[in-house]
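Residue 1 is where the sequence shown starts when you use our numbering, and the numbers rise one by one after that.
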Amino acid sequence: MSSDVTQSTYLENGWFINSDHPKIKAFSKQHSGNSRKDKTRSVELYLAVRDLIPYDPYTIRQQPEFLKASSTLAEGRGFCVAKAVLYAAVLRASGIPARIGFADVRNHLTTPHVVVKSFWPVV
1 MSSDVTQSTY
11 LENGWFINSD
21 HPKIKAFSKQ
31 HSGNSRKDKT
41 RSVELYLAVR
51 DLIPYDPYTI
61 RQQPEFLKAS
71 STLAEGRGFC
81 VAKAVLYAAV
91 LRASGIPARI
101 GFADVRNHLT
111 TPHVVVKSFW
121 PVV
């Protein structure tokens with residue numbers, strides 16, 4: 001991580017990763033479990049996004065609005081980019097720093113893949 005970027009940067013609300021949206025906060029609170037450990041809450045939130053928001057490759061749209069975390073939550077389904085943005089948003093809403101990154105997957109001919117990195121304290 002570069003010196004000019006701190007973990008607090010990855011807690012900020014953004015236009016796409018709109019972690020301050022009331023429905024994002026509610027989803028995060030409902031599905032983050034009772035643990036105070038970031039790793040445990042991260043897993044609970046991952047499972048919630050994975051299992052409750054079905055993967056749907058046909059939800060890809062050209063309008064940026066549809067890539068907002070709150071839009072994916074409202075739609076109730078999304079493709080990998082939208083689901084990653086949603087996961088990062090619910091992590092941030094839960095107080096866990098998170099960012100997204102893009103990768104080229106060799107067996108995907110035209111679409112990038114997205115990963116989420118979260119930051120937990122070292123114990």
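Virtual Cβ for every residue (Gly too), placed ideally from N, Cα, C.
Quantities reported herein were computed from a predicted structural model and do not represent experimental measurements.
Neighbourhood of L67 by C-beta, 7 Å cutoff - its chain only, sequence neighbours within 5 removed
If we look at L67 and ignore the five residues flanking it on each side, its Cβ neighbours are F16, V81, A82, V85.
What did DSSP end up calling V115 once you bin it into helix, strand or coil?
Of the three classes helix, strand and coil, the one that applies to V115 here is strand, per DSSP.
Return the CA-CA distance between N107 and A48, expressed in angstroms with no decimal places.
27 Å
What are the start and end residues of the beta strand (DSSP E) that includes F102?
98 to 103
Using only CA atoms, which one of K117, T40, A98 lies nearest to G14?
A98
Figure out for me which residue from S118, S94, D20 has the closest Cα to the Cα of H31.
Checked all of S118, S94, D20; the closest Cα to H31 is S94.
Straight-line gap, I96 to P64 (C-alpha atoms, nearest Å)
25 Å
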